[in-house]
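Just so you know, the sequences run in chain order A and B.
For what it's worth, our numbering labels the leading residue of the first sequence as 62, then goes sequentially.
For what it's worth, our numbering labels the leading residue of the second sequence as 2, then goes sequentially.
One structure is given here, and the rest of the page talks about it.
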Amino acid sequence: MLRDDCIEYSLDTHHDEEHGKKLRAKIWKVTALLTIITAVEVFCGAFIKQSSDYWQLTKWFFIILTLVKAGYIVLSFMHLGDEKKSLKYMILVPYFIFILYLIFILLVEATAVDKALKLYIG
Amino acid sequence: MADHASTQIDNATLWGGKISPFSTSYGKLMMWFFLVSDALTFGGLLIAYGFTRHDAQDAWPIGEETFNSLPFLGHGYPLIYVALMTFILIVSSVTMVLAVEAGHRMDKKGVLKWMVATIIGGFFFVGSQAWEWYHFIHGSEFGKVELSDGSRAIVKGHFGEIKNFTVVTAGHHHKKGEVITDDLMHIFQHAVVAGDVENGMITLHDGTVAKINKEKDHDMKLIIKESGAIYKLQKKKQTIIEGTKAEKMYWEAINSGTANRVIYGANLQANEYGPVQYGQFFFFITGFHGFHVFSGVIINILIFLGVARGTNHKRGHYEMVEKTGLYWHFVDLVWVFVFTFFYLV
């Protein structure tokens, strides 16, 4: 199994039954959490109309809940939380930078295009 | 778990070759790289969606207005169906994680059991999406209507059932006095789009003219989506016409005998829900995601067969299950974002 030129990492993730029990309990906990979050989102979506005064707040609430959900999926289900720090941040950090940048560009550009269209086309 | 990943290795060894600085296998690392790039594709799509939507502002359809149907139960259930789809995908992600966990214990039976569950969940999701596409393409019974002042409105409410068409003037295939009862809704909508409905009379393809016998609609609501001479699309506030006035205006448009005043359902050129880009983004984003789910199911089936044959067991580890698991969770992850930005916000 152990070769000179490459090291096998596949066996490192093995664990025994007792440890597995703990992991499964954690998995079910995360499941319950994700389900509850989705239910809350749908509840809010169905009852708070877009014309409501609270809509802006609700929108941010949705986005935060989505990020929480995404965090649980990536860190727990995809086990990124268990990987080495260097791997974890290599994957996550570009997103934080890139997505924030894209959202900034999106809002600035879309507003500018909207203005231009209104000005020249009406 | 991941004991090796957490062991301290001195820097000289770590970056000096013969060891992965990330303490993870080549295959897993490459899967992560693929997922990172794939996530950028979806990121680009959702950002483009946001851009277009920000431009269209209030004309953009609202999720709970567009997606409010359930199979067998009809309308009036905002977002429940999509929530159900989301739940199905989350559950199938959970069963996948359980398969991976079983793999770490070298429990072949457990892996097989949970992978079957995952595959079934995947098929359910793809099926649900097919139903939703079908519904989206066919649209509502009312469609989107162009009112007399040139404004366009989507219509909510209960559509009174069409009983039959009674032939008034004979055509090629129908005699006078004959009562047509087949495929009424379909024929009716086609005739409305073609402008063949006038004053409660429908002209069929063969030249037959028939009287439409239909029950009364109720609780009708016209929600303005494009401004006209009188009714305007307002910022932040919906312009809604209700009650008998709404019914009068709607049927005035239907009975005008003018083509294309009503749009039913959606395609890439037009849709009844909102701007044309809305339909295009719907088909592309959910389609692209659906394609990912579909290929995920296929990959899961292949890995399942491999596990069943004992390939992975002989190898001494179930890392292949872990790698497909990563892909499968990613598909779930993307859906979480699509769900929020396409349906909720």
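By construction, the Cβ of each residue, glycine as well, lies at the ideal position given by its N, Cα and C atoms.
Because the structure is a prediction, the values reported are computed rather than measured.
Asked	Found
Inspect the beta-carbon positions of V98 (chain B) and G122 (chain B) and report whether they are closer than 8 angstroms.	no
For I125 (chain A), which residues from the same chain have a beta carbon less than 6 angstroms from its beta carbon, with the 5 sequence-adjacent residues on both sides left out?	none
Less than 7 angstroms between the CB of A49 (chain B) and some heavy atom of the ligand SAH, yes or no?	Of ligands this structure carries none, so the ligand SAH is not represented either.
Thinking C-alpha only, which one of B:W252, B:A211, B:I241, B:M202 is nearest K217 (chain B)?	B:W252
Mind pulling the alpha helix (DSSP H) runs of 4 or more residues that sit fully within the segment 306-331 of chain B?	312-316
Starting from M202 (chain B), follow the beta strand (DSSP E) in both directions and report where the run begins and ends.	202-204
Would you call the segment 19-29 of chain B and the segment 185-201 of chain B touching, i.e. three or more CB-CB distances under 8 angstroms?	no
Among B:L41, B:A84, B:F137, whose alpha-carbon lies nearest the alpha-carbon of G158 (chain A)?	At residue 158 (chain A) the sequence reads Ile, which differs from the Gly that was named. When only C-alpha atoms are compared, the closest one is B:L41.
From the beta carbon of T243 (chain B), is the nearest beta carbon of chain A less than 8 angstroms away?	Going by the sequence as given, residue 243 (chain B) is Glu instead of Thr. Cβ-Cβ to chain A under 8 angstroms: no for E243 (chain B).
For V429 (chain B), is the classification buried or exposed, using 16 other Cβ atoms within 10 angstroms of its Cβ as the cut-off for buried?	Here chain B comprises residues numbered 2 to 346, so residue 429 (chain B) is not present and cannot be evaluated.
Evaluate G326 (chain B) with the Cβ neighbour count: other Cβ atoms within 10 Å of its Cβ, from every protein chain shown; 16 or more gives buried, anything less gives exposed.	buried
Exposed or buried, which one is M373 (chain B) when buried takes at least 16 other CB atoms within 10 Å?	Residue 373 (chain B) is absent from the model: chain B starts at 2 and stops at 346.
Compute the Euclidean distance between the alpha carbons of F241 (chain B) and H330 (chain B), then round it to the nearest angstrom.	One detail in the question is off: residue 241 (chain B) reads as Ile in this sequence, not Phe. Their Cα atoms are separated by approximately 42 angstroms.
Following the continuous beta strand (DSSP E) through G266 (chain B), name the residue where it begins and the one where it ends.	That residue, G266 (chain B), is in no beta strand (DSSP E); it is neither H nor E in DSSP.
Exposed or buried, what is A86 (chain A) when buried is set at 16 or more other beta-carbons lying within 10 Å of its beta-carbon?	exposed
Compare the beta carbon distance of V308 (chain B) and V332 (chain B) with 8 angstroms and say whether it is the shorter of the two.	no
With a threshold of 8 angstroms between beta-carbons, can D11 (chain B) be considered close to chain A, or not?	no
Quick one: what does DSSP say N214 (chain B) is sitting in, helix, strand or coil?	strand
In chain order, what residues of the segment 82-106 of chain B put their CB closer than 9 angstroms to some CB of chain A?	V83, A84, T87, F88, I91, V92, S94, V95, M97, V98, L99, V101, E102, A103, G104, H105, R106
Just how far apart, CA to CA, sit Y252 (chain A) and Y156 (chain A)?	Outside the modelled stretch of chain A, which goes from 62 to 183, sits residue 252 (chain A), for which no answer is possible.
Would you check if the distance between the CB atom of Y279 (chain B) and the CB atom of W61 (chain B) is smaller than 8 angstroms?	yes
Quick one, which of B:L205, B:K236, B:A254 has its alpha-carbon nearest L223 (chain B)'s?	B:A254
Inspect the CB distances between the segment 193-205 of chain B and the segment 227-238 of chain B and report whether three or more fall short of 8 angstroms.	no
Please list, in chain order, all residues of the same chain as V129 (chain A) whose beta carbon is under 7 angstroms from its beta carbon, the five residues on each side excluded.	I98
Using a threshold of 8 angstroms, state whether the C-beta atoms of P79 (chain B) and A107 (chain A) are closer than that.	yes
Of all Cβ atoms in chain B, is any one closer than 8 angstroms to the Cβ of K90 (chain A)?	no
Looking at the unbroken beta strand (DSSP E) that takes in R153 (chain B), where does it start and where does it end?	153-159
Given that A78 (chain A) touches chain B, what residues does it touch there, using C-beta distances under 7 angstroms?	A quick correction: the sequence has Glu, not Ala, at residue 78 (chain A). Here the neighbours are R106.
Quick one, which residues of the segment 152-164 of chain A are near chain B if we go by CB-CB under 7 angstroms, in chain order?	I152, I160, L163
Measuring only the C-alpha atoms, how far is A171 (chain B) from I203 (chain B)?	12 angstroms
What is the DSSP secondary structure of G104 (chain B), reduced to helix, strand or coil?	helix
Hey, out of B:N272, B:D183, B:I48, whose CA is closest to F200 (chain A)'s CA?	Residue numbering for chain A in the displayed model covers 62 to 183; residue 200 (chain A) lies beyond these limits and cannot be assessed.
Find the residues of chain A that neighbour G51 (chain B), judging by a C-beta separation of less than 7 angstroms, and give them in chain order.	L167
Would you call the CB atoms of V339 (chain B) and I286 (chain B) closer than 8 angstroms?	yes
Cβ of G266 (chain B) within 8 angstroms of Cβ of K226 (chain B)?	no
Please list the residues of the segment 227-239 of chain B that have a C-beta atom closer than 7 angstroms to any C-beta atom in chain D, keeping them in chain order.	Of the chains in the structure shown, none is chain D; the protein chains are A and B.
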